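One structure is given here, and the rest of the page talks about it.
Numbering (my numbering), first residue to last: 146 to 311.
Here is the structure:
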């Protein structure tokens with residue numbers, strides 16, 4: 146998953162410290178609800194994030210949707226773009242775990258192409274799923290790719306039921 150929409154680049158703030166905008170927070174929260182409610186409900190989810198502020202903020206919003214029991218693990222290799230080191234780390238995970246990696250473009254697009262052959266560009270808060278038969282594999286198949294708006298509409302919260310008067 147790519148981090149949400151961030152503050153514009155400026156000389157006043159280092160890139161590493163740029164934060165999510167209010168729109169970015171809202172879209173990430175909505176996208177994370179779709180991930181948690183529809184796609185990975187009742188699964189053991191690991192959340193790994195780049196140490197860059199906007200990615201960490203995105204990871205916390207995702208964690209909130211999956212529940213407080215989940216923790217965010219900061220992985221410097223994500224920001225560094227080091228897929229080989231990242232693969233060594235995820236190979237240690239149980240086969241049944243879902244790993245959500247919060248990162249940046251262009252790395253996410255490059256990694257997706259290398260792992261699945263799919264050429265895509267990640268817009269803010271969009272996500273893709275790549276199925277690896279075993280964690281040790283370095284190639285798999287992309288099972289889905291969705292922009293934030295589609296993720297948000299996957300499983301909208303149920304509308305409150307109105308009582309009928311009789």
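Glycine included, each C-beta is placed from N, C-alpha and C at the ideal position.
What you are looking at is a predicted structure, and each value in this text was computed from that prediction instead of being measured.
Task: Own chain residues within Cβ distance below 8 Å of residue 268, not counting five before or after - done: Indexing the chain shown from 1 puts residue 268 at position 123. Closer than 8 Å at the Cβ level, and outside the excluded window around residue 268, lie 147, 292, 293.
Open item on the list: Please report the straight-line C-alpha distance between residue 250 and residue 299, rounded to a whole angstrom.
Closed with: Position 105 of the chain shown, counted from the first residue, corresponds to residue 250. Position 154 of the chain shown, counted from the first residue, corresponds to residue 299. Each residue's Cα considered, the two are about 24 Å apart.
- [ ] Could you tell me how far apart the beta carbons of residue 232 and residue 283 are, in whole angstroms, since I believe they sit closer than 8 Å?
- [x] Here residue 232 corresponds to residue number 87 of the chain shown, with the count starting at 1. Here residue 283 corresponds to residue number 138 of the chain shown, with the count starting at 1. Confirmed, about 6 Å.
Task: Where the alpha helix (DSSP H) containing residue 206 begins and where it ends - done: In the chain shown, counting from the first residue as 1, residue 206 sits at position 61. Segment 198 to 211, the alpha helix (DSSP H) holding residue 206.
Open item on the list: What ranges does the beta strand (DSSP E) occupy inside the region 234 to 287, keeping only unbroken runs of at least 3 residues that lie completely in it?
Closed with: 243 to 247, 272 to 276
Open item on the list: Spatial neighbours of residue 177 within its chain, please: C-beta separation below 7 Å, excluding the five flanking residues on both sides.
Closed with: Taking the first residue of the chain shown as position 1, residue 177 is located at position 32. Within the same chain, residue 177 has close Cβ partners 206, 207, 210.
Task: Terminal residues of the alpha helix (DSSP H) in which residue 218 lies - done: As a position in the chain shown, residue 218 is number 73, starting the count at 1. Element bounds for residue 218: not the alpha helix (DSSP H) but the beta strand (DSSP E), 217 to 219.
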